[in-house]
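There are 2 protein chains.
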Amino acid sequence: MTDTDNVAIGRRDRKKAQTRAALTAAALRLVAERGLEHVTVEEISEAADVSSRTFFNYFTCKDEALTDDPALDGTPVVARLAAVPAHVPALRAVRLALDEAIDTIQADRELWRLRLTVITQNPTLLPRLVSSNIATERAMVSVIATRLGVGPDHGLPPLITAVTSAAFHTAMLRWAAGDDTRPLRDLVDEAFAAVAAGLPDPPPAS
Amino acid sequence: MTDTDNVAIGRRDRKKAQTRAALTAAALRLVAERGLEHVTVEEISEAADVSSRTFFNYFTCKDEALTDDPALDGTPVVARLAAVPAHVPALRAVRLALDEAIDTIQADRELWRLRLTVITQNPTLLPRLVSSNIATERAMVSVIATRLGVGPDHGLPPLITAVTSAAFHTAMLRWAAGDDTRPLRDLVDEAFAAVAAGLPDPPPAS
DNA sequence: CTAAAAACTTGCAGTCTGTGCAACTTCGCT
DNA sequence: AGCGAAGTTGCACAGACTGCAAGTTTTTAG
Chain A
1 MTDTDNVAIG RRDRKKAQTR AALTAAALRL VAERGLEHVT VEEISEAADV SSRTFFNYFT
61 CKDEALTDDP ALDGTPVVAR LAAVPAHVPA LRAVRLALDE AIDTIQADRE LWRLRLTVIT
121 QNPTLLPRLV SSNIATERAM VSVIATRLGV GPDHGLPPLI TAVTSAAFHT AMLRWAAGDD
181 TRPLRDLVDE AFAAVAAGLP DPPPAS
Chain B
1001 MTDTDNVAIG RRDRKKAQTR AALTAAALRL VAERGLEHVT VEEISEAADV SSRTFFNYFT
1061 CKDEALTDDP ALDGTPVVAR LAAVPAHVPA LRAVRLALDE AIDTIQADRE LWRLRLTVIT
1121 QNPTLLPRLV SSNIATERAM VSVIATRLGV GPDHGLPPLI TAVTSAAFHT AMLRWAAGDD
1181 TRPLRDLVDE AFAAVAAGLP DPPPAS
């Protein structure tokens, strides 16, 4: 981020982003150290140097400070999906639309590793991680329906939306577990390829 | 349920099942009438004729009374999956293992219609509906890994687990929306067939 | 540059969710 | 019938979360 960027987005927005990041970092650190049930919103806010009332200006609930990240915002993904040329099949188009999110997560590897460790240790957080904003989901279903040239009640667009989300999140959890050391991009590609092939049983090892 | 069944499962278990069902019914009815934020746990418990302390003996939190159902218990599904003959591909085997859950949900159509209406009106409930118990999920991944003859860190078993779950829930939401009047079984079959085919774009309408 | 408006922070009071504990009640077993 | 196990209940309390209003900071307009 250059000085020009600072001027463009204003002190107000810059400080908001910093506060948000500070809250997230504090929440992840404290919960990793002590466990979810032993860290209060007050303590997270104190560690980030804001009041707990301010915490709730940024997150709707305590869990969200641990699971929410700008990289998971579906809105730009939907916009990029709509911009993929029409001849590209929907499955492939969704994959392409995820490119930037994948790069952003990969670039922030340490934060994501910590986040996904925290989530693994506190599985009640997982549903919140994998769910998206309902309006965003509906927007994606709508874009896919348009790409497929089908009506609003067709079964395929919500199915593609849900399955691609599942594939993406499964790859992300695998990447964070560290069993497979390949970049996130490779793991997402592998998951999407398996889905495109119809999830066949692998051939028996010879 | 015959008198013989009553004797077999005992008064204790019978009353527990009744209390649980009463709490669920009360929660769904009240929330449908007034909205999630305007119904308290105290009111739900009062309507079901138990104390609110008892409510928490049945559900870990308020939302769970709305989203949890014995039909969604993955444990019998995992057991049935393990019993499907080994030559059946994993995707197909998961589909077969879901048979009883599908029938149970279909048989309880009014309850499920109400539940899914409530969830549609309160989208924050959706992640909890579609998530499963982490231990159950790991058990399913393990059974699938065994069926596929792959190791514990292979990418395919968690992917199949997540994708089949997404397909099932997408079909269920569609069924409950009522746009398509076919039985749940047909919608699940259609979703699984699309997944098995690799989610291809439909041919253009002539 | 100044003043006003807009946006954000904070403290506070209060409600609701959820938990641990212990006394009481009901059920099941011998 | 008696006893132990299982389940219910009331209670006190902590923590999450919300609405409100006063105070502070940043942005805008003249």
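One line per chain: the protein sequences are A and B, in this order.
For the first sequence, the working numbering gives the first residue as 1, with consecutive numbering after it.
For the second sequence, the working numbering gives the first residue as 1001, with consecutive numbering after it.
All C-beta atoms in this analysis are idealised placements derived from N, C-alpha and C, irrespective of residue type, glycine included.
Query                                                                                                                                                                               : Result
May I ask you to report which of helix, strand or coil DSSP gives A/Ala86?                                                                                                          : coil
Please tell me whether B/Leu1028 and B/Leu1114 are closer than 8 Å, where the distance is taken between their beta carbons.                                                         : yes
Along chain A, which residues have their Cβ under 9 Å away from the Cβ of B/Asp1180?                                                                                                : Asp153 and Gly155
Please state whether the Cβ-Cβ distance between A/Ala101 and A/Arg147 is less than 8 Å.                                                                                             : no
Below 7 Å on C-beta distance, what does B/Ile1160 contact in chain A?                                                                                                               : Leu199
So what's A/Arg182 in DSSP terms, helix, strand or just coil?                                                                                                                       : coil
Report yes or no: do three or more beta-carbon pairs, one from the segment 1135-1153 of chain B and one from the segment 132-147 of chain A, lie closer than 8 Å?                   : no
Here's the rule: buried if 16 or more other CB atoms are within 10 angstroms of the residue's CB, otherwise exposed. What is A/Leu199?                                              : buried
Between the segment 1100-1120 of chain B and chain A, which residues of the former have a C-beta closer than 7 Å to a C-beta of the latter?                                         : none
Alpha carbon to alpha carbon, how far is B/Thr1161 from A/Arg12?                                                                                                                    : 44 Å
Across the segment 168-180 of chain A and the segment 1121-1132 of chain B, are there enough close Cβ pairs to call them in contact, namely three or more that are closer than 8 Å? : no
Could you please tell me which residues of the segment 26-59 of chain A, in chain order, have their CB closer than 9 Å to any CB of chain B?                                        : none
Under 7 Å between beta-carbons, which chain B residues line up against A/Pro131? List them in chain order, please.                                                                  : The sequence shown places Ser at residue 131 of chain A, rather than the Pro named in the question. The answer, in chain order, is Leu1126 and Pro1127.
Since A/Ser52 and A/Glu42 are thought to touch, with beta carbons under 8 Å apart, how far apart are those beta carbons, to the nearest angstrom?                                   : 5 Å
At the 8 Å Cβ level, is B/Val1163 part of the contact set with chain A, yes or no?                                                                                                  : yes
Applying the 10 Å Cβ sphere with the 16-neighbour rule, what's the burial state of B/Arg1095?                                                                                       : buried
Please report the Cβ distance between B/Leu1072 and B/Val1118, rounded to the nearest whole angstrom; I am assuming they are in contact, meaning their Cβ atoms lie under 8 Å.      : Actually they are not in contact, since the Cβ atoms of B/Leu1072 and B/Val1118 sit about 15 Å apart, beyond 8 Å.
Between A/Leu184 and A/Gln106, how many whole angstroms is the CB-CB distance? I'm expecting something under 8 Å.                                                                   : 5 Å
Nearer than 7 Å: is that true of the beta carbon of B/Gly1074 relative to any heavy atom of the ligand GTP?                                                                         : For the ligand GTP, the structure offers nothing, since it holds no ligand at all.
With distance defined between alpha-carbon atoms, name the residue in A/Leu36, A/Ala25 and A/Val143 nearest to A/Glu110.                                                            : A/Ala25
Which of helix, strand or coil does DSSP assign to A/Ala191?                                                                                                                        : helix
Relative to chain B, which residues along the segment 76-97 of chain A have a C-beta separation below 8 Å, given in chain order?                                                    : Pro89, Ala90 and Leu91
Select from B/Arg1080, B/Ala1017, B/Ala1032 and B/Val1143 the residue whose C-alpha is nearest the C-alpha of B/Trp1112.                                                            : B/Ala1032
Out of curiosity, what's the CA-to-CA distance linking B/Thr1164 and B/Val1195?                                                                                                     : 8 Å
Are any of the Cβ atoms in chain A nearer than 8 Å to that of B/Gly1149?                                                                                                            : yes
Step through the CB atoms of chain B and report whether any lies within less than 8 Å of the CB of A/Thr170.                                                                        : yes
With a CB to CB cut of under 7 Å and the five nearest residues on each side skipped, what residues in its chain are close to B/Leu1187?                                             : Ala1171, Arg1174, Trp1175 and Asp1180
Does the beta-carbon distance from B/Val1143 to B/Leu1081 come in below 8 Å?                                                                                                        : yes
Output the distance between the C-alpha atoms of A/Val7 and B/Glu1190, rounded to the nearest integer angstrom.                                                                     : Residue placement at A/Val7 is flagged as unreliable, the pLDDT there being 48, under the threshold of 50; the coordinate-derived value follows with that caveat. Between A/Val7 and B/Glu1190, the C-alpha separation is close to 53 Å.
Going by C-alpha distance, which of B/Pro1085, B/Gly1155 and B/Ala1021 is nearest B/Asp1069?                                                                                        : B/Ala1021
Quick one: grab the DSSP three-state call for A/Pro200.                                                                                                                             : coil
Relative to the C-alpha of A/Asp201, which residue among B/Pro1157, B/Pro1202, B/Asp1201 and B/Pro1085 is closest?                                                                  : B/Pro1157
Locate the alpha helix (DSSP H) running through B/Phe1056, then write down its first and last residues.                                                                             : Ser1052 to Tyr1058
Establish whether the CB of B/Ile1134 and some CB of chain A are separated by less than 8 Å.                                                                                        : yes
Is any beta-carbon of chain B found at less than 8 Å from that of A/Arg20?                                                                                                          : no
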